[in-house]
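Peer 1:
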Amino acid sequence: MPHFARHAAAGHDRIAFEAADLVMAGWTGRERAAVQHHIDELAALGVPPPSRTPLFYRLDSALLAGPVAAIEVLGEHTSGEVEAVLVALADGLWVGLGSDHTDRAMEAHGVAISKQLCRKPMAPELWRFAEVVGHWDQLILRAHIRETGERRLYMEAALASVQAPQSLIAAYAAERGFADAAALPPGTVLFMGAIAAKGRIRPAARFEMELADPVLGRSLHHAYDVRALPIVC
Numbered sequence: 046m047p048h049f050a051r052h053a054a055a056g057h058d059r060i061a062f063e064a065a066d067l068v069m070a071g072w073t074g075r076e077r078a079a080v081q082h083h084i085d086e087l088a089a090l091g092v093p094p095p096s097r098t099p100l101f102y103r104l105d106s107a108l109l110a111g112p113v114a115a116i117e118v119l120g121e122h123t124s125g126e127v128e129a130v131l132v133a134l135a136d137g138l139w140v141g142l143g144s145d146h147t148d149r150a151m152e153a154h155g156v157a158i159s160k161q162l163c164r165k166p167m168a169p170e171l172w173r174f175a176e177v178v179g180h181w182d183q184l185i186l187r188a189h190i191r192e193t194g195e196r197r198l199y200m201e202a203a204l205a206s207v208q209a210p211q212s213l214i215a216a217y218a219a220e221r222g223f224a225d226a227a228a229l230p231p232g233t234v235l236f237m238g239a240i241a242a243k244g245r246i247r248p249a250a251r252f253e254m255e256l257a258d259p260v261l262g263r264s265l266h267h268a269y270d271v272r273a274l275p276i277v278c
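This is the structure:
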């Protein structure tokens, strides 16, 4: 069961949390051009375009890996995607950082299937949502990868490029038919969608991710190694 340190103005604590519903929001760019860019970069990998935007992929909640040092995947064709994460707990909404690690070879056969094949690492800390929502668009997502022995910037964008959390919550609540369109049920973990990669989407042996808050001067961060297992027949 994943453990997280929670940081809020009123104090800090640690919790063990088991997700009841793990949801990956896809195609969530706030600007249509950014959404099309992501569709195009995935199309280069043979991935068909989405039926609508945004889309919500519901996954096995056991895939939520929490702050692990490494994940194991089948084959050499997987990669991470840094995302802000909304975590609904009994005492309200919290913000985390995660990677929607995805099997790119399987993605051409079905995005939903490809997302089910990899664990979803998260950073070890959470922020109270109410303390960052006022400057949400200024938060910055960033990811680096290790390839050919070098650390390279892989993704970077402010959260102004992703649909606002209230909009995503409302869209997901409408799809599920929840009575409260402004809240996620406790136990829900919602990954808010990817930002564009710098260059092509590609695998790497190590994925490093960060959510920076320049207003409050703090960051969530985590890194994990990717261990490729052989595909045998």
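Residue numbers for the sequence shown follow this note's numbering, beginning at 46 and rising by one. Beta carbons are placed, not taken as given, at the ideal position from N, Cα and C, and that holds for glycine.
Go through its chain and collect everything with a Cβ distance to F101's Cβ below 7 Å, but skip five positions before and after it.
Peer 2: Excluding sequence neighbours, F101 sits near V68, A70, Y217, E220.
Peer 1: Check the Cβ-Cβ distances between A249 and every residue of chain C, and say whether any is below 7 Å.
Peer 2: In the structure shown, chain C cannot be found, because there is only a single protein chain.
Peer 1: Residues bridged to M69 by DSSP?
Peer 2: Note: M69 sits in a beta bridge opposite Y102, F236.
Peer 1: According to DSSP, D148 sits in a beta bridge with which residue or residues?
Peer 2: Paired residues: T123.
Peer 1: Around the C-beta of A239, are 16 or more other C-beta atoms found within 10 angstroms, so that it is buried, or is it exposed?
Peer 2: So A239 counts as buried.
Peer 1: By alpha-carbon positions, which one of P210, L186, G244, T147 ends up nearest to L138?
Peer 2: L138 has its Cα closest to that of P210, out of P210, L186, G244, T147.
Peer 1: Less than 8 Å between the CB atoms is what I'm expecting for L119 and L235, so what's the real figure, rounded?
Peer 2: The Cβ separation is near 26 Å, so there is no contact.
Peer 1: Taking the alpha-carbon positions, what's the H48 to P166 distance?
Peer 2: Cα-Cα distance, rounded: 12 Å.
Peer 1: Checking 7 Å against the spacing of the C-beta atoms, do Y269 and A61 come in under that value?
Peer 2: Cβ atoms of Y269 and A61: not closer than 7 Å.
Peer 1: Going by the beta-carbon positions, is the gap between W72 and P99 smaller than 7 Å?
Peer 2: Yes, the Cβ-Cβ distance between W72 and P99 is below 7 Å.
Peer 1: Could you work out which residue in R272, A188, Q183 is closest to P259 when comparing CA atoms only?
Peer 2: Of the listed residues, the one whose Cα sits closest to P259 is Q183.
Peer 1: For L108, tell me which candidate among S159, A135, I214, G262 has the shortest Cα-Cα distance.
Peer 2: For L108, the nearest C-alpha among the options comes from S159.
Peer 1: Using only the alpha-carbon positions, how far apart do H267 and L213 sit?
Peer 2: Those two C-alpha atoms are separated by around 24 Å.
Peer 1: Going by the CB atoms, is the gap between L265 and L142 shorter than 7 Å?
Peer 2: For L142 and L265, yes; Cβs fall inside 7 Å.
Peer 1: Is P210 helix, strand or coil by DSSP?
Peer 2: Correct three-state label for P210: helix.
Peer 1: With 16 as the cutoff for other CB atoms within 10 Å, does C163 come out buried or exposed?
Peer 2: C163 comes out buried.
Peer 1: Should R263 be labelled buried (16 or more other beta-carbon atoms within 10 Å of its own) or exposed?
Peer 2: By the 10 Å Cβ count, R263 comes out exposed.
Peer 1: Name the two residues that bound the continuous alpha helix (DSSP H) containing I276.
Peer 2: Per DSSP, I276 belongs to no alpha helix (DSSP H) and is neither H nor E.
Peer 1: With distances taken between CB atoms, is the gap from M200 to A188 smaller than 7 Å?
Peer 2: Yes. Within cutoff.
Peer 1: Less than 7 Å between the beta carbons of V207 and F174, yes or no?
Peer 2: Cβ distance not < 7 Å, so V207 and F174 don't count as in contact.
Peer 1: Less than 7 Å separating the beta-carbons of A249 and I185?
Peer 2: No, these two residues do not count as a Cβ contact at 7 Å.
Peer 1: From the DSSP output, read off the bridge partner residues of R173.
Peer 2: Paired residues: W139.
Peer 1: Considering Cα atoms alone, identify which of L90, W181, M46, A203 is closest to R149.
Peer 2: Nearest option by C-alpha distance: L90.
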